[in-house]
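**Student:** In case it helps, mature numbering (1 follows the signal peptide of the UniProt record, and there is no 0) puts the sequence shown at residues -31 to -1, 1 to 160.
Heads up, the beta-carbon is just placed ideally off N, CA and C, and yes, glycines get one too.
Just passing along the structure, written as C-alpha coordinates.
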Amino acid sequence: MHGAFSMKIAHPLVLLLALLFSGAGLGAAQAGPTLEEAFRGEATGVGRFKSQLAGVDRGFVVTTKGRGAGGKFVLDQVFRFDNGALDRRTWHFRKTGPNTYVGTRDDVVGTAKVVVGEDAIRMSYDLITRGKNGSKLQLHFEDTIRRTGRDSIVNKGVISMLGMTVGSVDVAFQRQKSLRKRGRAEELARQ
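Pasting the structure below:
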(Lines of atoms letter the chains of each structure in order from A and count residues from 1; the text may use other names and numbers.)
(Lines give C-alpha, C1' and ligand atoms only; values in the text may rest on other atoms or scores of the structure.)
Protein backbone atom coordinates (compact mmCIF):
# COMPACT_ATOMS: atom_id res chain seq x y z
CA MET A 1 0.00 0.00 0.00
CA HIS A 2 2.24 2.73 -1.24
CA GLY A 3 1.54 5.87 -3.20
CA ALA A 4 -1.67 7.81 -2.62
CA PHE A 5 -2.56 5.98 0.61
CA SER A 6 0.77 6.71 2.26
CA MET A 7 0.88 10.31 1.04
CA LYS A 8 -2.59 11.11 2.32
CA ILE A 9 -1.81 9.57 5.70
CA ALA A 10 1.53 11.35 6.04
CA HIS A 11 0.21 14.86 5.27
CA PRO A 12 -2.00 15.23 8.33
CA LEU A 13 0.42 13.57 10.66
CA VAL A 14 2.89 16.27 10.57
CA LEU A 15 0.93 18.40 12.28
CA LEU A 16 0.25 19.37 14.10
CA LEU A 17 1.92 18.66 13.03
CA ALA A 18 2.14 17.77 12.70
CA LEU A 19 2.34 18.64 13.75
CA LEU A 20 3.40 17.23 14.72
CA PHE A 21 7.43 16.86 17.38
CA SER A 22 9.35 14.09 19.14
CA GLY A 23 12.69 12.46 18.80
CA ALA A 24 15.43 10.68 20.62
CA GLY A 25 18.77 12.36 21.03
CA LEU A 26 17.49 15.93 20.93
CA GLY A 27 18.04 16.59 24.61
CA ALA A 28 16.03 16.31 27.79
CA ALA A 29 12.43 17.44 27.74
CA GLN A 30 11.73 20.85 29.23
CA ALA A 31 8.54 22.44 30.52
CA GLY A 32 5.79 22.25 27.91
CA PRO A 33 5.09 25.24 25.68
CA THR A 34 1.68 26.76 25.04
CA LEU A 35 0.22 26.06 21.61
CA GLU A 36 1.10 29.58 20.44
CA GLU A 37 4.66 29.34 21.82
CA ALA A 38 5.17 25.99 20.14
CA PHE A 39 4.08 27.11 16.69
CA ARG A 40 4.40 30.93 16.47
CA GLY A 41 6.64 32.17 13.69
CA GLU A 42 8.44 30.06 11.13
CA ALA A 43 10.09 26.70 11.67
CA THR A 44 11.41 23.79 9.66
CA GLY A 45 10.82 20.19 10.62
CA VAL A 46 12.36 16.94 9.44
CA GLY A 47 10.15 13.92 9.85
CA ARG A 48 9.45 10.33 9.00
CA PHE A 49 6.16 8.52 8.52
CA LYS A 50 6.15 4.75 9.09
CA SER A 51 3.50 2.09 8.70
CA GLN A 52 4.47 -1.58 8.66
CA LEU A 53 0.87 -2.45 7.82
CA ALA A 54 0.96 -0.28 4.68
CA GLY A 55 4.63 -1.03 3.95
CA VAL A 56 5.57 2.66 4.11
CA ASP A 57 8.69 4.37 5.42
CA ARG A 58 8.74 7.89 3.97
CA GLY A 59 10.71 10.99 4.92
CA PHE A 60 9.63 14.61 4.56
CA VAL A 61 10.54 18.20 5.34
CA VAL A 62 7.81 20.54 6.57
CA THR A 63 7.91 24.29 6.93
CA THR A 64 5.39 25.94 9.23
CA LYS A 65 4.21 29.47 9.87
CA GLY A 66 2.03 30.17 12.91
CA ARG A 67 0.23 33.43 13.62
CA GLY A 68 -2.67 34.92 15.49
CA ALA A 69 -5.62 35.89 13.30
CA GLY A 70 -9.01 37.18 14.44
CA GLY A 71 -8.99 35.54 17.87
CA LYS A 72 -7.69 32.25 16.46
CA PHE A 73 -4.27 30.76 15.95
CA VAL A 74 -3.52 29.72 12.37
CA LEU A 75 -0.79 27.23 11.45
CA ASP A 76 0.14 26.95 7.75
CA GLN A 77 2.13 23.88 6.77
CA VAL A 78 3.98 23.02 3.55
CA PHE A 79 5.22 19.43 3.21
CA ARG A 80 7.85 18.23 0.75
CA PHE A 81 8.10 14.44 0.67
CA ASP A 82 11.21 12.48 -0.26
CA ASN A 83 9.56 11.49 -3.57
CA GLY A 84 9.21 15.19 -4.51
CA ALA A 85 5.46 15.46 -3.77
CA LEU A 86 4.31 18.77 -2.27
CA ASP A 87 1.28 19.32 -0.01
CA ARG A 88 -0.15 22.29 1.88
CA ARG A 89 -2.38 22.16 4.99
CA THR A 90 -3.76 24.84 7.32
CA TRP A 91 -4.91 24.40 10.93
CA HIS A 92 -7.23 26.87 12.69
CA PHE A 93 -7.15 26.68 16.50
CA ARG A 94 -9.55 28.32 18.93
CA LYS A 95 -8.90 28.50 22.67
CA THR A 96 -11.75 26.91 24.67
CA GLY A 97 -10.30 27.09 28.20
CA PRO A 98 -7.12 27.91 30.14
CA ASN A 99 -5.34 24.82 28.76
CA THR A 100 -7.61 23.60 25.97
CA TYR A 101 -8.17 24.31 22.29
CA VAL A 102 -10.10 22.88 19.39
CA GLY A 103 -8.60 22.72 15.94
CA THR A 104 -10.04 22.35 12.47
CA ARG A 105 -8.56 21.50 9.12
CA ASP A 106 -10.19 20.54 5.82
CA ASP A 107 -9.36 16.83 6.13
CA VAL A 108 -10.16 16.45 9.85
CA VAL A 109 -13.46 14.87 10.96
CA GLY A 110 -15.13 17.31 13.36
CA THR A 111 -12.51 19.00 15.54
CA ALA A 112 -9.14 18.13 16.98
CA LYS A 113 -9.01 18.27 20.78
CA VAL A 114 -5.88 19.91 22.18
CA VAL A 115 -4.82 19.83 25.84
CA VAL A 116 -1.76 21.75 27.04
CA GLY A 117 -0.11 20.08 30.04
CA GLU A 118 2.97 20.93 32.06
CA ASP A 119 5.14 18.50 30.14
CA ALA A 120 3.52 18.35 26.69
CA ILE A 121 0.76 19.36 24.31
CA ARG A 122 -1.52 16.44 23.47
CA MET A 123 -3.68 16.48 20.39
CA SER A 124 -6.30 13.93 19.36
CA TYR A 125 -8.20 13.90 16.05
CA ASP A 126 -9.69 11.75 13.29
CA LEU A 127 -9.42 12.20 9.57
CA ILE A 128 -10.73 10.58 6.45
CA THR A 129 -8.25 9.52 3.80
CA ARG A 130 -8.38 7.23 0.80
CA GLY A 131 -6.68 3.88 0.48
CA LYS A 132 -4.78 2.79 -2.59
CA ASN A 133 -7.94 1.24 -4.02
CA GLY A 134 -9.91 4.48 -3.50
CA SER A 135 -11.82 3.31 -0.44
CA LYS A 136 -12.33 5.76 2.42
CA LEU A 137 -10.47 5.11 5.65
CA GLN A 138 -10.99 6.88 8.99
CA LEU A 139 -7.76 7.15 10.95
CA HIS A 140 -7.24 8.32 14.53
CA PHE A 141 -4.19 10.39 15.50
CA GLU A 142 -2.68 10.96 18.94
CA ASP A 143 0.13 13.53 18.88
CA THR A 144 2.42 14.41 21.78
CA ILE A 145 4.39 17.64 21.35
CA ARG A 146 7.32 18.43 23.65
CA ARG A 147 9.93 21.15 23.87
CA THR A 148 13.49 19.78 23.71
CA GLY A 149 15.36 23.08 23.74
CA ARG A 150 14.80 26.79 23.49
CA ASP A 151 14.23 26.65 19.74
CA SER A 152 13.39 23.00 19.21
CA ILE A 153 10.19 21.01 19.55
CA VAL A 154 9.45 17.39 18.74
CA ASN A 155 6.22 15.57 17.95
CA LYS A 156 5.55 11.87 18.28
CA GLY A 157 2.33 10.80 16.59
CA VAL A 158 0.58 7.44 16.79
CA ILE A 159 -1.94 6.52 14.10
CA SER A 160 -4.65 3.94 14.72
CA MET A 161 -7.62 2.47 12.90
CA LEU A 162 -10.40 0.56 14.67
CA GLY A 163 -8.32 0.65 17.86
CA MET A 164 -5.23 -0.94 16.27
CA THR A 165 -1.96 0.97 15.81
CA VAL A 166 -1.22 1.21 12.08
CA GLY A 167 1.56 3.79 11.91
CA SER A 168 3.63 6.54 13.48
CA VAL A 169 5.15 9.88 12.62
CA ASP A 170 8.09 11.62 14.25
CA VAL A 171 9.00 15.22 13.47
CA ALA A 172 11.78 17.38 14.93
CA PHE A 173 11.30 21.14 14.44
CA GLN A 174 13.92 23.86 14.71
CA ARG A 175 13.05 27.56 14.78
CA GLN A 176 15.67 30.01 13.57
CA LYS A 177 17.00 32.30 16.31
CA SER A 178 16.31 35.40 14.25
CA LEU A 179 12.68 34.27 13.93
CA ARG A 180 12.46 33.75 17.69
CA LYS A 181 13.80 37.27 18.29
CA ARG A 182 11.36 38.75 15.77
CA GLY A 183 8.47 36.89 17.45
CA ARG A 184 9.54 38.25 20.85
CA ALA A 185 9.80 41.80 19.48
CA GLU A 186 6.31 41.51 17.96
CA GLU A 187 4.97 40.26 21.30
CA LEU A 188 6.53 43.19 23.18
CA ALA A 189 5.15 45.66 20.64
CA ARG A 190 1.62 44.38 21.32
CA GLN A 191 1.93 44.96 25.08
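1. Beta-carbon separation of D30 and T3 under 8 Å?
2. Hey, K41 and R17: beta-carbon distance below 8 Å or not?
3. Taking only the alpha-carbon atoms, compute the straight-line gap between residue 177 and D45 and give it to the nearest angstrom.
4. Roughly how many whole angstroms lie between the Cα atoms of R57 and F48?
5. State the CB to CB distance for the pair D112 and G132, rounded to an integer number of angstroms; the pair is presumed to be in contact (CB under 8 Å).
6. Would you identify the three-state DSSP class for E5, choosing helix, strand or coil?
7. Are the Cβ atoms of Y70 and V83 separated by less than 8 Å?
8. What is the DSSP secondary structure of S129, reduced to helix, strand or coil?
9. Can you tell me whether V140 is helix, strand or coil according to DSSP?
10. In chain order, which beta strand (DSSP E) runs of at least 3 residues are fully inside the stretch 38 to 67?
**Tutor:** From the atom records:
1. Contrary to the premise, residue 30 reads as Val rather than Asp in this sequence. Their beta carbons are not under 8 Å apart, which means V30 does not touch T3 by this criterion.
2. no
3. Since the first residue of the chain shown is -31 and the last is 160, residue 177 is not available in this structure.
4. 6 Å
5. Actually they do not touch by this definition, with Cβ atoms about 18 Å apart.
6. helix
7. yes
8. strand
9. strand
10. 41 to 50, 55 to 66
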